[in-house]
Structures are given as structure tokens and as C-alpha cells.
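One line per chain: the protein sequences are F and G, in this order.
So the number in this note's numbering is just where the residue sits in the first sequence, counting from 1, plus 115.
So the number in this note's numbering is just where the residue sits in the second sequence, counting from 1, plus 3.
C-beta atoms are modelled at their ideal positions from N, C-alpha and C, and glycine is treated no differently.
Quick caveat: nothing in here was measured; it's all calculated off a predicted structure.
For reference, the structure discussed in these notes is given below.
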Amino acid sequence: MFKLVKRLTSVVAMFAVLFTFTTETMAAKKSKTLKNTQKKGFVRCGVSQGLPGFSNADAAGNWTGVDVDVCRAVAAAVLGDASKVKFTPLSAKERFTALTSNEIDILSRNTTWTLSRDADIGLTFVGVNFYDGQGFMVRKNSGISSVNDFKAGVSACTNLGTTTELNMRDFFNSKGIKYEPVTFEKADEVVAAYDAGRCDTYTTDKSGLAAQRIKLSNPDDHMVLPETISKEPLGPVVRQGDSVWEDIVRWSLNTMIEAEEYGVTSANADMMKTSDNPAVKRLVGAEGELGAALGLDNEWSLRIIKQVGNYGESYKRNIADTGILPDRGPNELWTKGGILYVPPAR
Amino acid sequence: MENRGITFGYGFLTQESSFDVQFSLIEYDGSHSYFRAYLVGLLNTILVSVIGIIFATIIGVVVGIARLSSNYLIERTAAIYVEFFRNIPLLLQIFFWYFAALRALPLPEKAEPMFGVFFLTIKGFFIPAFIWNNLYIFIYSVIAAIIAIFFVRAYAKKKQENQGTQTPVLLISIGLLIILPLLSFLLGGVDASIEIPVIEQLSKTSFTFKGGLKLPPELISLALALSLYTATFIAECVRAGVQGVSKGQKEAAASIGLTPNQVLKLVVMPQALRIIIPPTTNQYLNLTKNSSLAAAIAYPDLVLVFAGTALMQTGRAIEIVSITMLTYLTLSITISIFMNWYNKKIAIKEK
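Right, here's the structure in full:
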């Protein structure tokens, strides 16, 4: 008798589970992170402690940068307002722990996508918003014009806890050069130490070098060597285990890139609703039900484009116009000779 | 943890670390394991703590006694030093010594040699190194000398108790420490030559020194900041200790015919030490723990190497932070046990 009851209950429970799955797809789609974000009314975003062009706060505390724009895009999609983001500046060392311990929901902090980070420590990378590579900065008068001019005994300043430390070792080892790594916890100290002459070279991602060079006492006395010693695809990261949230962040970023590809800008997005191109119409929510698949309304992508702009606008505003890297290099659309290529939104 | 996709385990300690460290006491590079990286960090922490404790004690005792001086100028100078250094946050002092002093130091090519062989530059303090042959025999001879000194001391004490005559223990000790290692050179086949640092050009405008020993500027400024800061507290402990010995003790000692030196050595100091040691132990512990601020100025201590780079590369926050905490706990307890033992040794022994 008892056995029968037990079996019956389990059958009922199984049906109940099936039932919820089939009838409440929408609710199931609503991920925990999405639910919490909508309840709080803001997106919790982890950014750098100040890297011009990527994530940097001005005197009034307004954050700007391409990394910042990813979080703003998510806020526009999920909450309808790109300004509803709470930024948390994090050091390289703190960033992953802040994400896995649930203090932030998106980590958009010039973070390199690697296998071990993606697979090992409870994180998921959702895409690439900047293709970068590690380079070296030296003093112009040093006579060093290529990485082949480095000699044994060279001291290199860099940041703690980044892929830079590993690439640097691989690079100098492959050249058979004994070097002295000087690693600081914060970028400002690296810049200060290099500026003072503690190190012969400063190595980090090339975009970082370009941005930090401005902080040196005489920026014109320094130059970035032409060689790139590593691949550094930088992109936003989310916690592992919430695939809906992961999709929302991924497609918010993809929407910005795809919008540029189809020539949809913050200025003309509304007019594009009547475009002849179905791909464009889908992008601005005039056709299809793409939002529902993410648990959002159908105007989510339109809001991203209107409030944040497309990728090209974001790049121009943050990186090109500020003089950091006027040339887009690999961060140009695939149709224009770059490697920005995103899956179609359909 | 499982919910968040985090796995737990200490297996990573045997993996290849694949990052290099600027300064290490044992042989290490990226092909060694994370455990070895841990040892590198630990030894560097111990090194800066030991240097810091030694200098803080010396400066502390000198300043503490200077504060008791009847000379107004000396007393005031010591007081100003104490008030100034103990009231500025340590992290600021570390930054000051590192960045301000770093900028004041010359580039390697402009460095003036001290005594012809020492070079203090922005890239570090380059000093001559000894190149040893049969170093172990030399070390044995030093150990033998130290053991012999213990015997001499025990003998001298016994002799004084039995016959009342004093033996010049200090002179004999110094003699032993010189003669035994010297014999190892003459008879034991020990041989040491000195390697002097030589300037080397890296590029058109950048230079460094090759050969000899290199003390990184990070170590020097950290040790300097830690010892100057902690010395102020130790100075106050010393002052309290000496003032805590009642005047009557000194007068009584003088009245039985002890010389001023003997009064200090046999009457005042033994009593003052009992007051000085317990609070000084606290300061030693503080210094050791404060050395973790090293991360700010790139000195590769336990926090920077292990709880910094290693944590970042492996993502094993819980494991690494727990190991680091346990390590500091062990270090602190070891210092405590030693100081408590010493404290007990000098405590009043009721007979």
C-alpha cells in the first residue's frame, strides 16, 4: 500500500514537472538573473578601474566606453532604459570572483576569452566586443624598434593576474631571453613605475597601451612596438548556468554589430521599421517574434540601437574620437575587411 | 558552489604555473608547479618580515632609549620621529618610499658606485656576490662555532656560580666565530671569490647591471617602510619598559658598587625586558601581516604571487585564499610561540 502511494506520487510529480515545462515556457525562460534584474530595476555590471575607451568614469561619475556600452545595451533591452546600470569597478584580480559570487551579473571589463577561463571557473564568455593583441611600449630614444631588439636582463612592467603575464613568459622564453617581470596590482602603479624608469618596457593589450600612454608624463616620448605577440579577444562574461541571461547578453552585443552591418543607427532606427529588407525589419522588431524567444518584448533590439547606438557608433564615440585607436583594424565589419562577424538575428 | 559551476580541489598545486616571478630565493620559473610558486611567495614574505623585524628592533631600541635621553635635542628628535611615522597610514608610506624614492634614484648608467662595488639604482641595489667553493664546510664551521659558544657560556656561568670569577665570554665568542670559519678557509678547502656587478647596455638608452646580487627596489622600499613604521611602536614599548623599572632599583644597584654599565645590563634591562617583550611581540606580528601590502608595489610576496597571480590563473579562489590564510596564521603563531618562550625564559623565576 505504502509502496503504491509512493509510486503514485512520483508519477504525479513527473507529470507536474512536464506540465510546467510545456505550459509555462515563458516563465521558465525567465531566468533567475533576468528576474532579479527586473526586480531591482538596474543591471549590475563589473567594469575596469579606469581604462579610457573601454570603461572609464569622468569627474561626475558617468561611465563611458565600449565595454560600458555592452552593459547599457543589456539595460536598454531588459529594462527599457540604457542608463539603469550600476557599475562596479573591479581589479583584474577581483573580477571573476565578483561575478561567480553574485555581486555583478555581467563582467564587461576588457577580459580575454580563454579556454581555461571559459571552462574551468564557473564563467561563460558570450562573445567578442574587441579583438586585441598584446604589445610592448618602449621609450622612443631607446633605439628599440622591434621586439627582436630586446636583450637579456630587460625588465617589463605589467598588470597582475592577466593573460599578459603568461604571454610575456611564452614570448621571452621562445626568444631565449631572461627577463625581469615587475607585476603590479593596479594599472596606475604600472604606468607610474614605467614612467619613473623602473622598467624598460610596459606590456599589456595594445588597446590598453594606447589608452595608458596618454597618462604618461610625456606621451610623445613613448611608442608601441609594431609586433603583436598574442591573440586577445576581449568580451563580456556571465555566470555559468543561466543560459537565458547568457543569450540576452550575447544577442544584445550581436544586435549592436548587426545593426552596423545593416546601416541601422541610433538616428535612423525608427525609420527602419518600414525598410524593405526583412533582416532590418527583424532587427528593429517590426517583424518576427525574436524578443519572445529571449523572454523579452519585441522592441528590445530597437531600444538598444536607439539608446546606445550600433557598434560603429560606440567605437567612434569611445575609441576613435578620443584618439586612442583611430584605426579600427580587425575591429571592422567582415564586409569591410575586418573580422567582426556575428550570427544572423533571425 | 556546484550551482555556480565551481569545482573544488587542491590538484592544481601540482600543475605547471607558467608565470614568472621577478625575485625569488629558490630556483623558480614558469615551468615549476603552483606549489613551488607558493613557496617562492612564502619565502619572500618571510624574507621581508625578517629584515623588517631586525631593522625595526634596532631602530626601535635606539629611538626608544633616545626618547629617555636627558639631551633635549635628541629627545625631541626621537619624539618627532615617533609621532610622525606612527600617525601616517602604512600604505601611504610604502607608496612614498617606493615612488618618491624611486624617482630620486639614478638610472643604472648614472649611478655613482659606493666603495666602488655597490650600485644603488632605480632598477635595484646591486651588490657584489660571493662565489663559493665547498660552501657547506664553511657553514658547518659556523655552526660548530655557535655550538662551542654555548658550551663556553655554560662553563662561564658554572665557574661564576662556583668560584665567583668572571670569564670574558664575549671576547671568546667573537674569537671562536672568527677562528673556526677562518680555519675552514685555510684547511677545509673553502674558497670564495667576489663577483662585482658590471654595467651592461640593453639598448641605446637603457642599462642594467650584470653579475653580483640584485636587491629589487620593491624589497628595499617595503622593508624600509615596514621597519620605520613598526620601529615607532617598538620605541614606545622600549620607553615604557625602561621607565617601568623603579628608580630605587638603579639606586640600590649603584649603592652596592656596580658600574653604570653593569647597572644597565644586570639590573635595569632584565626587568625592562619583561615589560618590553609582550607588546613587542604584537608589533612583530603586525609587521609580518602588514608585509602583505607588498602587492601594491610589485614585491612578489605570498599575497602577490599566490593569492594574486596564481589565484587569477587558476580561478581557485576558495582553495588559495584558505591556504594563504592558514599560512599567515601559522607564521603568526610561530612568532608568538617563539616570543612567548623567550618571555618565559626572562620572566622572574621564583626560587
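Beta-carbon separation of residue i and residue j under 8 angstroms?
{"i": "I197 of chain G", "j": "F133 of chain G", "result": "yes"}
{"i": "L379 of chain G", "j": "A298 of chain G", "result": "Nothing about residue 379 of chain G can be reported from this structure: the residues present for chain G run from 4 to 354 only."}
{"i": "L205 of chain F", "j": "A213 of chain F", "result": "yes"}
{"i": "A255 of chain G", "j": "V66 of chain G", "result": "no"}
{"i": "R284 of chain F", "j": "D23 of chain G", "result": "yes"}
{"i": "Q274 of chain G", "j": "Q252 of chain G", "result": "yes"}
{"i": "S429 of chain F", "j": "V181 of chain F", "result": "yes"}
{"i": "I130 of chain G", "j": "F118 of chain G", "result": "no"}
{"i": "T284 of chain G", "j": "S52 of chain G", "result": "no"}
{"i": "S322 of chain F", "j": "D247 of chain F", "result": "yes"}
{"i": "K208 of chain F", "j": "L314 of chain G", "result": "yes"}
{"i": "T273 of chain F", "j": "T319 of chain F", "result": "yes"}
{"i": "T226 of chain F", "j": "R210 of chain F", "result": "yes"}
{"i": "V306 of chain F", "j": "G250 of chain F", "result": "no"}
{"i": "R254 of chain F", "j": "D335 of chain F", "result": "no"}
{"i": "I77 of chain G", "j": "A69 of chain G", "result": "yes"}
{"i": "P303 of chain G", "j": "G44 of chain G", "result": "yes"}
I'd like the list of long-range same chain contacts for residue i, defined as Cβ closer than 6 angstroms, with 5 residues on each side in sequence excluded.
{"i": "S187 of chain G", "result": "I140, F141, S144 and V193"}
{"i": "A148 of chain G", "result": "L179, L180 and L183"}
{"i": "V269 of chain F", "result": "Y294 and D315"}
{"i": "W415 of chain F", "result": "A192 and G406"}
{"i": "G165 of chain F", "result": "N171"}
{"i": "V85 of chain G", "result": "T235 and A238"}
{"i": "L276 of chain G", "result": "I349"}
{"i": "P136 of chain G", "result": "Strictly speaking, residue 136 of chain G in this sequence is Asn, with Pro absent from that position. Taken in chain order, the residues that qualify are D194."}
{"i": "M342 of chain G", "result": "T284"}
{"i": "G276 of chain F", "result": "A207 and K208"}
Could you work out which residue in the options is closest to residue i when comparing CA atoms only?
{"i": "G242 of chain F", "options": "F:Y294, F:D235 and F:V352", "result": "F:V352"}
{"i": "L123 of chain G", "options": "G:W135, G:N137, G:R106 and G:N136", "result": "G:R106"}
{"i": "I329 of chain F", "options": "F:P348, F:G350 and F:A302", "result": "F:A302"}
{"i": "T60 of chain G", "options": "G:I336, G:L332 and G:Q286", "result": "G:Q286"}
{"i": "P109 of chain G", "options": "G:S335, G:L76, G:F210 and G:I280", "result": "G:F210"}
{"i": "L349 of chain F", "options": "F:A271, F:P445 and F:W178", "result": "F:P445"}
{"i": "G452 of chain F", "options": "F:K388, F:N282, F:L409 and F:E376", "result": "F:E376"}
{"i": "Y278 of chain G", "options": "G:A157, G:I150 and G:A350", "result": "Contrary to the premise, residue 278 of chain G reads as Ile rather than Tyr in this sequence. The shortest Cα separation from I278 of chain G among G:A157, G:I150 and G:A350 belongs to G:A350."}
{"i": "T298 of chain F", "options": "G:G14, G:I300, G:I152 and G:L42", "result": "G:I300"}
{"i": "F153 of chain G", "options": "G:T168, G:N136 and G:I175", "result": "G:I175"}
{"i": "I177 of chain G", "options": "G:T80, G:Q163 and G:A151", "result": "G:A151"}
Can you list, in chain order, the residues of its chain whose CB lies under 7 angstroms from that of residue i, leaving out five sequence neighbours each side?
{"i": "D357 of chain F", "result": "S146, K147 and T148"}
{"i": "A175 of chain F", "result": "none"}
{"i": "A310 of chain G", "result": "I323, V324 and T327"}
{"i": "D310 of chain F", "result": "L331 and S332"}
{"i": "L448 of chain F", "result": "E375, E376 and L455"}
{"i": "I219 of chain F", "result": "R159, C160, G161, T203 and A213"}
{"i": "V457 of chain F", "result": "N369, I372 and E373"}
{"i": "A243 of chain G", "result": "I278"}
{"i": "A267 of chain F", "result": "I292 and K293"}
Pull the bridge partners of residue i from the DSSP assignment, please.
{"i": "G127 of chain G", "result": "G:T124"}
{"i": "W360 of chain F", "result": "According to DSSP, W360 of chain F bridges with nothing at all."}
{"i": "C432 of chain F", "result": "Correcting the residue type first, residue 432 of chain F is Arg in the shown sequence and not Cys. For R432 of chain F, which the question treats as bridged, DSSP gives no partner whatsoever."}
{"i": "H337 of chain F", "result": "F:R254"}
{"i": "C272 of chain F", "result": "F:V297 and F:Y317"}
{"i": "R354 of chain F", "result": "F:L238"}
{"i": "D494 of chain F", "result": "What is shown of chain F runs 116 to 461, which leaves residue 494 of chain F out entirely."}
{"i": "F212 of chain G", "result": "G:I202"}
Within a Cβ cutoff of 8 angstroms, which residues of the same chain sit near residue i, ignoring the five residues on either side of it in sequence?
{"i": "R461 of chain F", "result": "A394, R397, G403 and L405"}
{"i": "I420 of chain F", "result": "T370, M371, A374, V379, T380, S381, A384, L398 and V399"}
{"i": "V423 of chain F", "result": "D184, R187, A188, A191, A197, M371, S381 and S429"}
{"i": "W178 of chain F", "result": "V162, S170, N171, A172, V200 and F202"}
Write down the C-beta distance between residue i and residue j rounded to the nearest angstrom, noting that I regard them as a contact closer than 8 angstroms.
{"i": "L227 of chain G", "j": "F88 of chain G", "result": "Between F88 of chain G and L227 of chain G the Cβ distance is about 11 angstroms, and since that is not below 8 angstroms, they are no contact."}
{"i": "M371 of chain F", "j": "Y426 of chain F", "result": "4 angstroms"}
{"i": "V64 of chain G", "j": "V266 of chain G", "result": "In fact, because the Cβ distance is near 18 angstroms, the residues do not count as touching under 8 angstroms."}
{"i": "V158 of chain F", "j": "V193 of chain F", "result": "7 angstroms"}
{"i": "T312 of chain G", "j": "E280 of chain F", "result": "6 angstroms"}
{"i": "I363 of chain F", "j": "V189 of chain F", "result": "6 angstroms"}
{"i": "N293 of chain G", "j": "L93 of chain G", "result": "6 angstroms"}
{"i": "K207 of chain G", "j": "G258 of chain F", "result": "3 angstroms"}
{"i": "P441 of chain F", "j": "A326 of chain F", "result": "Their Cβ separation, rounded to whole angstroms, is 13 angstroms, which puts P441 of chain F and A326 of chain F out of contact at 8 angstroms."}
{"i": "T330 of chain G", "j": "L305 of chain G", "result": "6 angstroms"}
{"i": "T278 of chain F", "j": "E347 of chain F", "result": "7 angstroms"}
{"i": "N346 of chain G", "j": "P281 of chain G", "result": "6 angstroms"}
{"i": "Y37 of chain G", "j": "Q18 of chain G", "result": "6 angstroms"}
>> Please list, in chain order, the residues of the stretch 87 to 115 of chain G that have any C-beta partner in chain A closer than 7 angstroms.
In response: Looking for chain A here will not work: the only protein chains present are F and G.
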